[in-house]
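Chains as they are written, first to last, in our numbering: chain A, 1029 to 1294; chain B, 4 to 266. Every residue gets a Cβ at the ideal spot worked out from N, C-alpha and C, and that includes glycine. If you're wondering where the values come from, they're calculated on a predicted model, not measured in any experiment.
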Amino acid sequence: MNLSRILAVVLRQFFLIRGSPSRILPMFMWVMIDMILWGFITRYLNAFTNSGFDFVPALLGAVLLWDFLTRVMHGLTMAFFEDVWSRNFLNVFATPITISEYIAGLVLASITTSTLGLIVMVLIALGFGLSFFVFGLMFIPFLLVLFMCGIALGIVGISVVLRLGPAAEWFIWPVPAMLSPFVGVFYPLATLPIWMRAVSYALPPSYVFESMRSIVHGGRPSLLALAVSAGLALVYIVLAGWFFNRTYRYAVHVGLIARYSAETVS
Amino acid sequence: MSQTLRRHYHDCFSMNGEYVLSVDSLRKNYGDTVAVDNVSFHVKRKEIVGLLGPNGAGKTTTINMILGVLEPTSGTISIEAVDLASQRSRALSHTNFAAVYAPVPGNLTVYQNLRVFGMMYDVKSLTRRIEELLREFDLLKFRDTKCGVLSSGEQTRVCLAKAMLNSPCLLLLDEPTASLDPATARDIRTKIRQFAAQGSGGVLWTSHNMYEVQEVCDRVLFLSHGKILLEGDPKLLPEEHGKTTLEELFITVAREPLTLALE
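Right under this line is the structure:
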């Protein structure tokens, strides 16, 4: 892989973000709103229930982790959409850049933007009294698994848009919201009906949120569950890469790269 | 000649082979429609080849296949003797292009676009190369201007600067002067001729301006219905086929290709 070509994708994203409030604000805005909203909800629940149970790590921690996954996915797809919106496919894919270099560039761009979002979320969470010592060192593998899932979802998302055309971006934005009921962000998987639980077991974030709840309730996280989730996330990244590569090859075969805005599928 | 360009020319010269581009038995089908039909041609070093033909003749399809963004149904393409199908990245590092339908992103400045694409082509001494191109294409005053607000002629100059970033051995130009005023178009033609004459690179050029083709191209290929119908020196071809001008010959190719095919 050629580092210069990978960094070109990241630099392009940096140039675009640097001079554009409409790109900078969404990186913080939604996570800020979510964290502030859930921060006050947890405060209210703590005061109202008076049960002694601390809702802050259970709910606010869950929101933080889930928003992080969403930011990672959106960071990757946004970097790709910049090429869609500026009709830049022909210019980019006629360069020597390889598919793995292009994806690596999108992932690096996503790491940068999602890290900024994470910092804002952590600061707000600290303001609401969320102590990351509750999770201990497990917080790092939690984040890593969710990061990998966000990347896999992002790659699948851009594959769909590459295949179906610019209008298909509508499908991509709500994907995390559609998955959230299955992964048990706010409730144990046992709450779900059996068929939903079957789906949950195939989704790595389910293991993360189950482990997180176990820690909050004073239990020990299952290292096996974490290993399974990391393994699953890795498999999904490989599958997503394979899917994008296949979609790209199809696009080159039928001439979609050169006539992308024609949306030939419709 | 700039230092970077001189070094690049040395690189091109050090390559083996007479041709910068070899296209052999190229074919592209879209279902039952044949867009390009068994086309073979080459571009030599220092040569400017015009790819002519009416709309829908298969010119852009051919160029897209050479750029690696469209897979041929059959046939082979070699750029600097590197097979495009099996060594895409290496083959494309020797080429670059400018086309009216592929402007650089309008939301980046001229400098930012040249920087990003220069990195994608892994251009060495990129900062110096960008400065050279900004001067050469009279873009210094637009350095920090977003490309989207430039006039179409200025945007074309940016695209051409982008196309020259890696001093390609094979330069593909799809109607590069279509939106330029006559004076700027003449300057651009001079630059392209210089590029071919001073270095070892070759140029594949499409244009609907027959005056321009006659002035610039060493050889032309007339495409019609995906096939090469005629090939030769643009200054001699009209007379060889009983026409007074290249434009007249072009119109015959567009309207009555069979009369030429039967000659």
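To the nearest angstrom, how far is it from the Cα of residue i to the Cα of residue j?
{"i": "His13/B", "j": "Ser81/B", "result": "Model confidence at His13/B stands at a pLDDT of 47, short of 50, so the residue's coordinates are unreliable and nothing is read from them."}
{"i": "Met1101/A", "j": "Glu1197/A", "result": "13 angstroms"}
{"i": "Ser1032/A", "j": "Ser1128/A", "result": "13 angstroms"}
{"i": "Gly1145/A", "j": "Val1211/A", "result": "22 angstroms"}
{"i": "Val1162/A", "j": "Val1059/A", "result": "21 angstroms"}
{"i": "Ile1200/A", "j": "Thr1105/A", "result": "8 angstroms"}
{"i": "Gln197/B", "j": "Ile51/B", "result": "11 angstroms"}
{"i": "Asp1062/A", "j": "Ala1075/A", "result": "20 angstroms"}
{"i": "Leu1231/A", "j": "Leu1172/A", "result": "14 angstroms"}
{"i": "Pro108/B", "j": "Asn116/B", "result": "7 angstroms"}
{"i": "Ser77/B", "j": "Asn41/B", "result": "8 angstroms"}
{"i": "Phe1275/A", "j": "Met1055/A", "result": "Per the sequence shown, residue 1275/A should be read as Thr rather than Phe. If I take the Cα positions, the gap works out to 28 angstroms."}
{"i": "Val1266/A", "j": "Asp177/B", "result": "38 angstroms"}
{"i": "Thr79/B", "j": "Val1148/A", "result": "53 angstroms"}
{"i": "Ile1285/A", "j": "Gly71/B", "result": "10 angstroms"}
{"i": "Phe120/B", "j": "Leu1088/A", "result": "43 angstroms"}
{"i": "Arg66/B", "j": "Gly235/B", "result": "The residue asked about is misnamed: residue 66/B is Ile in this sequence, not Arg. Whole-angstrom Cα-Cα distance: 20 angstroms."}
{"i": "Ala1090/A", "j": "Val1084/A", "result": "9 angstroms"}
{"i": "Asp221/B", "j": "Trp1270/A", "result": "45 angstroms"}
{"i": "Ala1132/A", "j": "Ile1034/A", "result": "6 angstroms"}
{"i": "Leu1220/A", "j": "Phe1160/A", "result": "28 angstroms"}
{"i": "Leu1044/A", "j": "Leu173/B", "result": "31 angstroms"}
{"i": "Met122/B", "j": "Glu139/B", "result": "20 angstroms"}
Can you tell me where the alpha helix (DSSP H) with residue i in it begins and where it stops?
{"i": "Asn1273/A", "result": "1251 to 1282"}
{"i": "Ala1226/A", "result": "1222 to 1228"}
{"i": "Thr1077/A", "result": "1049 to 1077"}
{"i": "Ile1125/A", "result": "That residue, Ile1125/A, is in no alpha helix (DSSP H); it is neither H nor E in DSSP."}
{"i": "Leu1171/A", "result": "1167 to 1192"}
{"i": "Ser1159/A", "result": "Counting along the chain, Ser1159/A falls outside any alpha helix (DSSP H), and DSSP gives it neither H nor E."}
{"i": "Trp1094/A", "result": "1089 to 1113"}
{"i": "Thr112/B", "result": "It is not in any alpha helix (DSSP H) - Thr112/B carries neither H nor E in the DSSP assignment."}
{"i": "Leu1231/A", "result": "Per DSSP, Leu1231/A belongs to no alpha helix (DSSP H) and is neither H nor E."}
{"i": "Pro185/B", "result": "185 to 201"}
{"i": "Gly156/B", "result": "155 to 167"}
{"i": "Val1203/A", "result": "1203 to 1211"}
{"i": "Val1217/A", "result": "The displayed chain sequence assigns Leu, not Val, to residue 1217/A. Segment: none, Leu1217/A is in no alpha helix (DSSP H) and carries neither H nor E."}
{"i": "Arg1033/A", "result": "1031 to 1046"}
{"i": "Thr76/B", "result": "First-last for Thr76/B: undefined, no H or E at that position."}
{"i": "Asn1116/A", "result": "That residue, Asn1116/A, is in no alpha helix (DSSP H); it is neither H nor E in DSSP."}
{"i": "Thr63/B", "result": "62 to 69"}
Could you pull out every residue in the same chain whose Cβ sits closer than 6 angstroms to the Cβ of residue i, ignoring the five residues on either side in sequence?
{"i": "Phe180/B", "result": "The displayed chain sequence assigns Thr, not Phe, to residue 180/B. Hits under 6 angstroms: Ala188, Ile191."}
{"i": "Leu1097/A", "result": "Leu1174, Cys1177, Gly1178"}
{"i": "Lys49/B", "result": "Ala199"}
{"i": "Pro1169/A", "result": "Leu1254"}
{"i": "Ser1142/A", "result": "Arg1099, Val1100, Gly1103"}
{"i": "Ile133/B", "result": "Leu117"}
{"i": "Leu249/B", "result": "Met213, Gln217, Pro237, Pro241"}
{"i": "Phe1272/A", "result": "Ile1183, Ser1187"}
{"i": "Ala1137/A", "result": "Val1038, Gln1041, Ala1107"}
{"i": "Ser1294/A", "result": "Note that Ser1294/A scores a pLDDT of 47, beneath 50, so its modelled location is shaky; the value from the coordinates is reported in the next line. Around Ser1294/A: no qualifying Cβ."}
Which residues does DSSP list as the beta-bridge partners of residue i?
{"i": "Asn99/B", "result": "Leu174/B"}
{"i": "Trp208/B", "result": "Gly53/B, Leu176/B"}
{"i": "Gly235/B", "result": "Val223/B"}
{"i": "Leu24/B", "result": "Val46/B, Ile82/B"}
{"i": "Val39/B", "result": "Lys31/B"}
{"i": "Lys230/B", "result": "Ser227/B"}
{"i": "Lys144/B", "result": "None; Lys144/B has no bridge partner."}
{"i": "Lys149/B", "result": "Thr112/B"}
Spatial neighbours of residue i within its chain, please: CB distance less than 7 angstroms, with the 5 preceding and 5 following residues excluded, ordered by chain position.
{"i": "Leu1217/A", "result": "Arg1225, Ser1228, Ser1234, Glu1238"}
{"i": "Ser155/B", "result": "Ser182"}
{"i": "Arg1241/A", "result": "Ala1086, Pro1216"}
{"i": "Val1068/A", "result": "Looking at the sequence itself, residue 1068/A is Phe, so the reference to Val does not match. Cβ within range, chain order: n/a, list empty."}
{"i": "Thr159/B", "result": "Pro179, Ser182, Leu183"}
{"i": "Gly34/B", "result": "none"}
{"i": "Pro1249/A", "result": "Met1166, Ser1239, Ser1242, Ile1243"}
Would you mind reading off the limits of the beta strand (DSSP E) that contains residue i?
{"i": "Lys127/B", "result": "Where Lys127/B is concerned, there is no enclosing beta strand (DSSP E), given that its DSSP letter is neither H nor E."}
In its own chain, which residues sit with a C-beta less than 8 angstroms from the C-beta of residue i, not counting the 5 before and 5 after it?
{"i": "Glu2/B", "result": "No information on residue 2/B is available, as it lies outside the stretch 4 to 266 that chain B covers here."}
{"i": "Thr1140/A", "result": "Val1038, Gln1041, Phe1042, Gly1103"}
{"i": "Arg111/B", "result": "For the sequence presented, residue 111/B should be read as Leu rather than Arg. Correct list, in chain order: Val119, Lys149, Cys150."}
{"i": "Leu29/B", "result": "Val39, Asn41, Val42, Ser43, Thr65, Met68, Pro75, Ser77, Gly78, Thr79, Ile80"}
Item to check | Three-pair Cβ contact test at 8 angstroms for the stretch 125 to 133 of chain B versus the stretch 1045 to 1054 of chain A | outcome: no
Next on the checklist: For the pair the stretch 1234 to 1241 of chain A and the stretch 1142 to 1154 of chain A, tell me if three or more CB-CB distances fall below 8 angstroms.
Outcome noted: In the pairwise beta carbon analysis, the stretch 1234 to 1241 of chain A is classified as not touching the stretch 1142 to 1154 of chain A: fewer than three pairs are separated by under 8 angstroms.
Checklist entry - For the stretch 1107 to 1123 of chain A against the stretch 1257 to 1268 of chain A, are there 3 or more C-beta pairs whose distance is under 8 angstroms? => result Under the three-pair Cβ rule at 8 angstroms, the stretch 1107 to 1123 of chain A does not count as touching the stretch 1257 to 1268 of chain A.
Item to check | At least 3 beta-carbon pairs within less than 8 angstroms: the stretch 160 to 169 of chain B vs the stretch 74 to 93 of chain B | outcome: The stretch 160 to 169 of chain B makes no contact with the stretch 74 to 93 of chain B, as fewer than three CB pairs between them are under 8 angstroms.
Checklist entry - Are three or more beta carbon pairs between the stretch 210 to 217 of chain B and the stretch 139 to 146 of chain B nearer than 8 angstroms? => result no
Checklist entry - Below 8 angstroms, can you find three or more Cβ-Cβ pairs linking the stretch 57 to 74 of chain B to the stretch 226 to 235 of chain B? => result In this structure the stretch 57 to 74 of chain B touches the stretch 226 to 235 of chain B; the number of beta carbon pairs closer than 8 angstroms is three or more.
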